[in-house]
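Single-structure report; data block below.
Residue numbers (our numbering), protein chains in the order written: chain D, 1 to 216; chain E, 1001 to 1219.
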């Protein structure tokens, strides 16, 4: 309980990077740190630090104003890359930070989902591994394909039944899958699975999607 | 008197359709009382689903009514919202009825805000699911086209179809099934006449009669 309280307090203390959008037509933006070290996101209004531990790598989707240029920078160690993006109404954009040093990269992954469903679970596979030409999300011992053919820099999402099944990411060789640690899927919840080249092998990060409420 | 709802403690929450004396705060509430239920009704004008979860202030008034007492309506703006968690703790309902849809459908806006609606709805139903209380969600009626609310039959249909997939574990009552578009006249495009609210309240109650026996397990 104390740990949860501490996390909640830390998040509440974060500044807001961008003004939140109007409720209708609102778009959502989140940042994901898939790099081995902490990352700082700087906007004209605030800055946040995203740790490199799995529990905190994936931020929640924050409502932002669509049609407005959002600027800032991403800082990893001594390196900085500019941030300049505009979201469309109803769009969900994930900004993923990967690599380190010269291989530090910022990738935008855009979704305009229409699959919201409280009776199903929504599973997305984000491929941030340039060495994985066609990523797959597979289920069970038989490696049944749940999401297929996700190219590097792309995302594919699919509705599935909310079951408790072992998931893994495959990059072609069914004998070399990386397990996904998500636990049982809950009806109505949405999940993101990220596959990334950590520099020391293929790594998978998975988390339930969180949407922050609109705050004027 | 039908006994299907008798003895239940029903908490009803809703939007502006609950915040004027002749609206559902009277008609639906009376119908449920007549069936022998203990009823507490709360309405917050202009409220989205998330406004019952994240404390804020009401934009155009709020009303409440308890059992056979009269509706108490306060049209002041800026007064605090009620939270569903607080109302559950106060009334210990064994059935929650939510009437909401018009405030979230994005009338007058070209794009239907699916992601935002889902976040709002899921936040509210998540609080109910966490306490394992049966719930029923009542969608919006057709209303009228061409008003300053910019309500259109197409968007009401779109909203109702979306809510049907979004409100689980609550059961959904599709109010568009109770009448044909334009059958229930409105006073302003969105709010019904007294006759309309009587019909809507009765139709909701009849639907609850069908749904509740499968939903609420009596000892």
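Backbone N, C-alpha and C define an ideal beta-carbon position, used for all residues, glycine too.
In whole angstroms, give me the CA-to-CA distance for residue i and residue j.
i	j	result
residue 197 of chain D	residue 168 of chain D	15 Å
residue 1069 of chain E	residue 1006 of chain E	18 Å
residue 154 of chain D	residue 1033 of chain E	55 Å
residue 190 of chain D	residue 1195 of chain E	42 Å
residue 1077 of chain E	residue 1100 of chain E	19 Å
residue 1109 of chain E	residue 174 of chain D	47 Å
residue 32 of chain D	residue 95 of chain D	6 Å
residue 1218 of chain E	residue 1210 of chain E	15 Å
residue 1074 of chain E	residue 46 of chain D	39 Å
residue 1089 of chain E	residue 179 of chain D	41 Å
residue 49 of chain D	residue 58 of chain D	12 Å
residue 68 of chain D	residue 110 of chain D	16 Å
residue 1129 of chain E	residue 1136 of chain E	12 Å
Our contact map puts residue i next to residue j with C-beta atoms below 8 Å; I'd like the distance itself, whole angstroms only.
i	j	result
residue 35 of chain D	residue 97 of chain D	5 Å
residue 187 of chain D	residue 1166 of chain E	That pair is no contact at about 11 Å.
residue 63 of chain D	residue 25 of chain D	Actually they are not in contact, since the Cβ atoms of residue 63 of chain D and residue 25 of chain D sit about 10 Å apart, beyond 8 Å.
residue 157 of chain D	residue 124 of chain D	4 Å
Which word fits residue i, buried or exposed, when buried means at least 16 other C-beta atoms lie within 10 angstroms of its C-beta?
i	result
residue 120 of chain D	buried
residue 211 of chain D	buried
residue 1144 of chain E	buried
residue 108 of chain D	exposed
residue 1191 of chain E	buried
residue 206 of chain D	buried
residue 10 of chain D	Bear in mind that a pLDDT of 34 at residue 10 of chain D, under 50, signals an unreliable position, so the model cannot answer this.
residue 209 of chain D	buried
residue 1113 of chain E	buried
residue 27 of chain D	buried
residue 82 of chain D	exposed
residue 1015 of chain E	buried
residue 5 of chain D	The predicted position of residue 5 of chain D is uncertain, since its pLDDT is 34 and thus under 50; no value can be drawn from it.
residue 141 of chain D	exposed
Confirm, please, whether the CB-CB distance from residue j to residue i is below 8 Å.
i	j	result
residue 1044 of chain E	residue 1105 of chain E	no
residue 134 of chain D	residue 199 of chain D	no
residue 979 of chain E	residue 1048 of chain E	In this structure chain E extends from 1001 to 1219, so residue 979 of chain E is not present and cannot be described.
residue 1118 of chain E	residue 116 of chain D	yes
residue 1189 of chain E	residue 1146 of chain E	yes
residue 1097 of chain E	residue 1138 of chain E	yes
residue 1115 of chain E	residue 90 of chain D	yes
residue 202 of chain D	residue 129 of chain D	yes
Report the residues of the stretch 91 to 119 of chain D with a CB closer than 7 Å to any CB of chain E, ordered along the chain. From the stretch 91 to 119 of chain D, only 92, 113, 114, 116, 117, 118, 119 have a Cβ closer than 7 Å to chain E.
So if I threshold CB-CB distances at 7 Å, which residues from the stretch 1107 to 1118 of chain E count as touching chain D? 1109, 1111, 1113, 1114, 1115, 1116, 1118
Interface positions of the stretch 1160 to 1183 of chain E facing chain D (Cβ-Cβ less than 8 Å), listed along the chain: So the list reads 1162, 1165, 1166, 1167, 1168, 1169, given in the order they occur along the chain.
Counting only Cβ-Cβ distances shorter than 9 Å, please list the residues of the stretch 1125 to 1139 of chain E near chain D, keeping chain order. 1125, 1126, 1129
Can you pull out the residues from the stretch 1141 to 1161 of chain E whose beta carbon lies closer than 9 Å to at least one beta carbon of chain D? none
Residues of the stretch 1027 to 1054 of chain E whose Cβ lies closer than 9 Å to any Cβ of chain D, in chain order: 1048, 1050, 1053, 1054
Counting only Cβ-Cβ distances shorter than 7 Å, please list the residues of the stretch 186 to 206 of chain D near chain E, keeping chain order. 187, 188
In chain order, what residues of the stretch 1077 to 1100 of chain E put their CB closer than 8 Å to some CB of chain D? Taking 8 Å as the Cβ-Cβ cut-off against chain D, none of the residues of the stretch 1077 to 1100 of chain E qualify.
Return the residues of the stretch 1064 to 1076 of chain E that lie within a Cβ-Cβ distance of less than 8 Å from chain D, sorted by chain order. none
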